[in-house]
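Protein sequence lines correspond, in order, to chains A and B. Each step along the first sequence adds one to the number in the numbering used here, with nothing skipped, and position 123 is 981. Each step along the second sequence adds one to the number in the numbering used here, with nothing skipped, and position 54 is 692. C-beta atoms are modelled at their ideal positions from N, C-alpha and C, and glycine is treated no differently. Source: prediction; values computed, not measured. Heads up, the thing below is written out as structure tokens.
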Amino acid sequence: MDEVGRLFECHEYFVPEMLIAARAMRAALEVVQSRLTKAQTESKGKVVIGTVKGDLHDIGKNLVAAMLQGSGYEILDLGTDVPPEKFVKTIEENKANAVALSALLTTTMPEMKNVIEALVKAGIRDRVKVLVGGAPVTEEFAKQIGADGYGETAVAAVGLTRSLVASATA
Amino acid sequence: MAEHLGLDNLFFVIRAPVWAEKISGKDGRLFYGDGKIQTEKDLSLMQFPDADDDAFYSEARAFLRHKGNYPVLFVTRIGILSTMMSMGMENFCVALYENRGLVEAVLDRYCDWTAKVAKRVCGLGFDVFISTDDMAFNTTTFFSRAVFWDLVLPRYRRVRENITLPWIVHSDGNIAPFVDDLVDLGVIGLHPNEKGAIDIRAMKQRYGKRLSLLGNVDLNLLGMATPEEVDREVRELIRDVGPGGGYVVTSGNSLAGYLLPENVRAMAAAVRKYGNYPLAFA
Ligand code: B12
Chain A
859 MDEVGRLFEC
869 HEYFVPEMLI
879 AARAMRAALE
889 VVQSRLTKAQ
899 TESKGKVVIG
909 TVKGDLHDIG
919 KNLVAAMLQG
929 SGYEILDLGT
939 DVPPEKFVKT
949 IEENKANAVA
959 LSALLTTTMP
969 EMKNVIEALV
979 KAGIRDRVKV
989 LVGGAPVTEE
999 FAKQIGADGY
1009 GETAVAAVGL
1019 TRSLVASATA
Chain B
639 MAEHLGLDNL
649 FFVIRAPVWA
659 EKISGKDGRL
669 FYGDGKIQTE
679 KDLSLMQFPD
689 ADDDAFYSEA
699 RAFLRHKGNY
709 PVLFVTRIGI
719 LSTMMSMGME
729 NFCVALYENR
739 GLVEAVLDRY
749 CDWTAKVAKR
759 VCGLGFDVFI
769 STDDMAFNTT
779 TFFSRAVFWD
789 LVLPRYRRVR
799 ENITLPWIVH
809 SDGNIAPFVD
819 DLVDLGVIGL
829 HPNEKGAIDI
839 RAMKQRYGKR
849 LSLLGNVDLN
859 LLGMATPEEV
869 DREVRELIRD
879 VGPGGGYVVT
889 SGNSLAGYLL
899 PENVRAMAAA
909 VRKYGNYPLA
919 FA
């Protein structure tokens, strides 16, 4: 998936090639995982992912999920239009290391802040890294709402997760 | 309404149906979920309204009778976006590689229908023909130029024969990789030159003589900034893209419901203030 990501970054691969690679990877993972013991399939960390409330765009979110899964993370994909409480509940129940939030609309970007506030309220903000992304989201906005990182592309999401989750588990 | 917002044109939309699950999102916006055309068997679902029936155009004719002094843009989709939505993005992507015939069959049905509609509406009294098939996102196009050449262009050429009005193409995102082909196809205008995805100043340099450019006024600005900031942005756009003509000031996508009315009015006011030729910038 790293190579697929590289080709996507340099505009040799496009959305179809990414989605097909992701599908092949999921099929391969299923086969591999069914043959390995639990200890052997230990993931690098758990990442909860979803498109925030009010927003139904999911193509980018799916690519991010695929790239993270391909890099060895366990993905809990909550789909689209996900309310803050659902993010919090899933993170708590699964002791997730990170949460990746996607928003494609100016009007749903504030929902990212609501998720962070809900994490603070639940007392688990310091236990989970918050990554944000999606077409209208910027580095500046990420800082402003107190997220831990922003990624412009699905490939950036992998690098970001690696550095954030490693620094958290180190 | 048009007067209130300071608009100088109207538009009328006829689009083919999309065969996908419909989900109504926040603020009553419509959103398409899973596509219903998954296999050849589903092609029979694609029953279009009769484009040869005069009655199908009666609303359009009524609209044109009441247009007053406004020019009217006709808006439709040629069909590649409808194809992606009716098949569902993931299924469309897989089929591109594993069942190209199905993609072609769906797109053919759309293009054949649009070609008929184009032929009829171009004679009704509209001023401009606009097709709105999104083919790109922020960094690049959805699919490669090779797919665009093999799949999309030959079919668009067929529809092109029936478009006798000036043709403007709308696509969100960074559509730049396809623009040479669109110009060759006879497209004379490009909308919305989305800010952050397209550098409209670079487009002006490259295509200024061959293509009208429309849009680029940032939705974030229209939705969140002050009227003064909108005024400044429009002024700079007219200063940089206006010389020589061929620039139409408008939002970098649509006048979405969440924009601030005072900012939309500020955009229109700025056009009147800075947009008179000869331009005041020397
Ligand atoms: C395809 C599309 C749709 C499809 C969605 C299909 C689907 N199942 O997702 C349809 C046609 C249904 C649609 C509907 C709407 N859309 Co729309 N849509 C787009 C479009 C053209 C492309 C988005 C896309 O899928 N890109 C492909 C993926 C791969 O890119 P991406 O999502 O940006 O993700 C990449 C990165 O951002 C990043 N990333 C994404 N998420 C995350 C998360 C993390 C943590 C990280 C690190 C990275 C990351 O990784 C990805 C890969 O590199 C964009 C245009 C654009 N410029 O993006 C408009 C756009 C997003 N839509 C827009 C609008 C307004 C709408 C509607 C409101 C239209 C309407 N009037 O009804 C509705 C929204 C309904 C709703 N409630 O959500 C606007 C939003 C404007 C704004 N700033 O608010 C855009 C920007 C178009 C525009 N120029 O105005 N849309």
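Where residue i falls: helix, strand or coil (DSSP)
i: PHE669 of chain B; result: strand
i: GLU943 of chain A; result: helix
i: GLU900 of chain A; result: coil
i: TRP657 of chain B; result: coil
i: ILE907 of chain A; result: strand
i: HIS829 of chain B; result: strand
i: ILE878 of chain A; result: helix
i: ALA885 of chain A; result: helix
i: HIS583 of chain B; result: The first residue shown for chain B is 639 and the last is 920, placing residue 583 of chain B beyond what the model contains.
i: THR1019 of chain A; result: helix
i: VAL797 of chain B; result: helix
i: PHE828 of chain A; result: It is not possible to answer for residue 828 of chain A, since the shown part of chain A is limited to 859 through 1028.
i: THR923 of chain B; result: Limits of chain B in this structure are 639 at one end and 920 at the other, which puts residue 923 of chain B out of reach.
i: MET682 of chain B; result: The residue you asked about is not Met; residue 682 of chain B is Ser in the sequence shown. Correct three-state label for SER682 of chain B: helix.
i: LYS842 of chain B; result: helix
i: TYR695 of chain B; result: helix
i: TYR885 of chain B; result: strand
i: LYS754 of chain B; result: helix
i: GLY890 of chain B; result: coil
i: GLY861 of chain B; result: helix
i: LEU851 of chain B; result: strand
i: LYS705 of chain B; result: coil
Other residues of its chain near residue i: CB distance less than 8 Å, five sequence neighbours each side excluded
i: LEU823 of chain B; result: LEU791, TYR794, ARG795, ARG798
i: LEU914 of chain A; result: THR938, ASP939
i: GLU900 of chain B; result: PRO865
i: VAL868 of chain B; result: VAL855, LEU859, LEU860, ASN901, ALA904, MET905, ALA908
i: GLY930 of chain A; result: SER901, LYS902
i: LEU926 of chain A; result: VAL905, ILE907, ILE933, ALA958, ALA1015, VAL1016, THR1019
i: LEU1022 of chain A; result: ALA956, LYS987, LEU989, ASP1006, GLY1007
i: GLU950 of chain A; result: ALA980, ILE982
Closest by C-alpha distance to residue i, when choosing among the options
i: TRP805 of chain B; options: B:MET905, B:GLU641, B:ALA756; result: B:ALA756
i: ALA880 of chain A; options: A:PRO941, A:GLU867, A:GLY863; result: A:GLY863
i: GLU969 of chain A; options: A:MET883, A:GLU932, A:HIS869, A:THR909; result: A:THR909
i: HIS808 of chain B; options: B:THR888, B:ASP688, B:ALA784, B:ALA733; result: B:THR888
i: LEU897 of chain B; options: B:THR864, B:ARG877, B:VAL872; result: B:THR864
i: GLU832 of chain B; options: B:ASP856, B:LEU745, B:PRO709, B:LEU893; result: B:ASP856
i: SER892 of chain B; options: B:ALA904, B:ASN858, B:VAL909; result: B:ASN858
i: LYS660 of chain B; options: B:ILE876, B:ASP672, B:GLY880; result: B:ASP672
i: ALA689 of chain B; options: B:LEU734, B:ILE876, B:LYS754; result: B:LYS754
i: LYS847 of chain B; options: B:GLY861, B:ASP818, B:TYR748, B:LEU762; result: B:ASP818
i: LEU936 of chain A; options: A:LEU887, A:ASN920, A:MET925; result: A:ASN920
i: ALA956 of chain A; options: A:ALA923, A:LYS979, A:LEU962; result: A:ALA923
i: CYS749 of chain B; options: B:LEU789, B:THR779, B:ILE838, B:ASN737; result: B:LEU789
For residue j and residue i, the rounded distance between their alpha carbons
i: LYS679 of chain B; j: GLU943 of chain A; result: 41 Å
i: ASP984 of chain A; j: LYS971 of chain A; result: 15 Å
i: VAL741 of chain B; j: GLU870 of chain A; result: 22 Å
i: ALA958 of chain A; j: THR965 of chain A; result: 18 Å
i: GLY726 of chain B; j: ALA1012 of chain A; result: 20 Å
i: ASP1006 of chain A; j: HIS704 of chain B; result: 55 Å
i: ASP646 of chain B; j: GLY928 of chain A; result: 51 Å
i: ALA658 of chain B; j: SER724 of chain B; result: 5 Å
i: PHE767 of chain B; j: HIS829 of chain B; result: 12 Å
i: GLU888 of chain A; j: MET722 of chain B; result: 28 Å
i: ARG877 of chain B; j: LEU820 of chain B; result: 26 Å
i: LEU734 of chain B; j: VAL986 of chain A; result: 39 Å
i: GLN1002 of chain A; j: VAL988 of chain A; result: 13 Å
i: THR802 of chain B; j: PRO994 of chain A; result: 37 Å
i: ALA774 of chain B; j: LYS979 of chain A; result: 39 Å
i: GLU729 of chain B; j: PRO874 of chain A; result: Note that residue 729 of chain B corresponds to Asn in the displayed sequence, not to Glu. Those two C-alpha atoms are separated by around 9 Å.
i: ILE769 of chain B; j: ARG738 of chain B; result: As written in the sequence, residue 769 of chain B is Ser, which differs from the Ile given in the question. Cα to Cα, SER769 of chain B sits roughly 24 Å from ARG738 of chain B.
Same chain, Cβ closer than 6 Å to residue i, five either side skipped, listed in chain order
i: PRO941 of chain A; result: LYS911
i: VAL759 of chain B; result: PHE712
i: GLY1009 of chain A; result: GLY991, ALA1015, LEU1018
i: ASP772 of chain B; result: LEU719, SER809, ASP810
i: GLY853 of chain B; result: HIS829, PRO830, ASN831, THR888, GLY890
Residues near residue i in its chain [Cβ-Cβ closer than 7 Å; skip 5 each side]
i: GLY834 of chain B; result: ASN776
i: PHE999 of chain A; result: MET967
i: ASN707 of chain B; result: none
i: ALA762 of chain B; result: The sequence shown places Leu at residue 762 of chain B, rather than the Ala named in the question. For LEU762 of chain B, where only same-chain residues beyond five positions count, the Cβ hits under 7 Å are TYR695, ALA698, ARG699, LEU702.
i: TRP751 of chain B; result: ALA654, PHE686, ALA689
i: VAL656 of chain B; result: TYR670, SER720, MET723, SER724
key: Validate contact between the stretch 694-703 of chain B and the stretch 973-986 of chain A using beta carbons, cut 8 Å, 3 pairs   = no
Discussion item. Within 8 Å, do at least three Cβ pairs link the stretch 945-952 of chain A to the stretch 916-928 of chain A?
Written reply: no
Taking contact to mean at least 3 C-beta pairs separated by less than 8 Å, is the stretch 810-830 of chain B in contact with the stretch 868-875 of chain B? no
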